[in-house]
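Heads up, the sequence shown is in the UniProt record's numbering, so the first residue is 1 and it goes up one at a time.
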Amino acid sequence: MEFLIEPEVLLEKIDGYTIIDTRFELFDPKKGKALYETAHIPGALYFGLNEDLSNAPQTHGGNHPLPDEALFTEKLRRAGIDKDTPVVIYDQGNAMFASRLYWLLDYYQHQSVKILNGGFERWKTLGYPTTSVVQRPQKTSAPFVKDESFVVDIDYVKRHKDELGITLTDARSLERYLGQIEPLYTKKGHIPGAKCYDWQQVLNSDGTWKSKAELRQVFQDLNPDEEVILSCGSGVSACMNYLALKSIGFKHVKLYPGSFSDWISYPELPVEKMKQ
């Protein structure tokens, strides 16, 4: 698929890309950077979910609000990235954190970005080189402009989620969606009206992405000509479904960055625990 690059292709053309390592662990936030400092793909720079791909959580807005514009774009420039720089992103292998950065680059109208299919684990399994050396790229001065059509806020979701021609989706696991378990938040369940499309359904068991034909099967109940609002717990795993839907021709896909963690920060808003 267009947004993917295979390990052997990256190895062959490694000097032609700015490579970003986004490995992260939700329950051990320092682990990703420690792994990066121990071994990473040669030339890779590190962007962490909490420090670089999110703003600090507030009372509302969810657990991983979108990063501050000035800080994020400065991070891109310090990484040597402008809107045309070829970028390859990877994480440990499940692509959830890599997809968050991919979505952010799309949001800021970057023109050339790919995700390493299978991530660092596949790269390492293939015996390809790693290093602990951290490079210092030349800073750019490029401007970045957001496309605000990519995002919706809680007011938009409340007003439009039940309208004909708009589908609100939830990328968390079915167990979390149904309220059977909830490892991260104080409330269980989902936003009323949301449909469950578990982000893990877009991947094969080895962490590589499913084919377009398989993805069309996963999302067969959605209409590519209608609007899809993506949510999850905090706007991270939903980015997996963004990539999947984009690859199979969906044109009207928007992210609700605050997602379930923002919704439940308003005690007056209802939560459902039921089958879809």
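Even for Gly, the Cβ is constructed at its ideal location relative to N, Cα and C.
With a cut-off of 8 Å on the beta carbons, I'd call ILE89 and ILE20 a contact; round off their distance for me.
Sure, about 5 Å apart at Cβ, within 8 Å.
Touching by the beta-carbon criterion (3+ pairs, under 8 Å), the stretch 120-137 and the stretch 148-158
No, the stretch 120-137 does not touch the stretch 148-158.
Would you list the residues sitting across from CYS196 in a DSSP beta bridge?
In DSSP, CYS196 forms a bridge with ASP170.
In this structure, how does DSSP classify SER259 when only helix, strand and coil are distinguished?
Assignment of SER259 by DSSP, reduced to helix, strand and coil, places it in the helix class.
Could you check what DSSP says for SER132 in three-state terms: helix, strand or coil?
coil
Every unbroken alpha helix (DSSP H) within the stretch 69-153, with a cutoff of 4 residues, ordered by chain:
69-78, 96-107, 119-125
Beta-carbon separation (whole angstroms), LEU4 vs TRP263, contact threshold 8 Å
With a Cβ gap of about 32 Å, LEU4 and TRP263 do not count as contacting.
Under a Cβ-count criterion, where at least 16 other Cβ atoms within 10 Å of its own Cβ denotes burial, should TYR242 be classed as buried or exposed?
buried
What is the DSSP secondary structure of LYS254, reduced to helix, strand or coil?
strand
Which residue marks the beginning of the alpha helix (DSSP H) containing GLU37, and which one marks its end?
31-38
Say yes only if the C-beta of ASP198 is nearer than 7 Å to one or more non-hydrogen atoms of the ligand FMN, and no if none qualify.
This structure lacks the ligand FMN; in fact it carries no ligand of any kind.
Answer with buried or exposed for LYS254, where buried requires no fewer than 16 other C-beta atoms within 10 angstroms of its C-beta.
buried
CB-CB length for ASN55 against PRO42, believed under 8 Å
At roughly 31 Å, the Cβ-Cβ gap does not stay under 8 Å, so ASN55 and PRO42 are not in contact.
Based on DSSP bridge pairs, tell me the residues matched to SER231.
For SER231, DSSP records a beta bridge to ASP170.
Selection from LEU230, SER211, SER234, LEU245 that minimises the alpha carbon distance to PRO224:
LEU245
Measuring CA to CA, which of PRO86, GLY61, ALA39 is closest to ARG23?
ALA39
Starting from ASP15, trace the beta strand (DSSP E) both ways and give me its first and last residue.
Looking at the DSSP string, ASP15 is not in any beta strand (DSSP E), and its letter there is neither H nor E.
Under the three-state reduction of DSSP, which class applies to ASP225: helix, strand or coil?
coil
Taking the alpha carbon of GLU6 as the point to measure from, which residue in GLY93, HIS60, ASP84 has its own alpha carbon closest?
GLY93
What separation, rounded to the nearest whole angstrom, lies between the Cα atoms of LEU203 and PHE47?
So the alpha carbons of these two residues sit roughly 23 Å apart.
Beta-carbon proximity list for GLY80, same chain, < 8 Å, skipping 5 on both sides:
THR18, PRO137, GLN138, LYS139, THR140
Pull up the DSSP beta-bridge partners for LEU4, would you.
ILE115
So if DSSP puts TYR46 in a beta bridge, which residue, or which two residues, is it bridged to?
TYR46 pairs with ASP21.
On the CB-based measure, 16 or more other CB atoms within 10 Å of its CB, does ALA213 come out buried or exposed?
With fewer than 16 Cβ atoms within 10 Å of its Cβ, ALA213 is classed as exposed.
On the three-state DSSP scale, how would you describe GLU175?
helix
When the Cα of LEU76 is compared with those of SER234, TYR102, GLN58, which residue comes out closest?
TYR102
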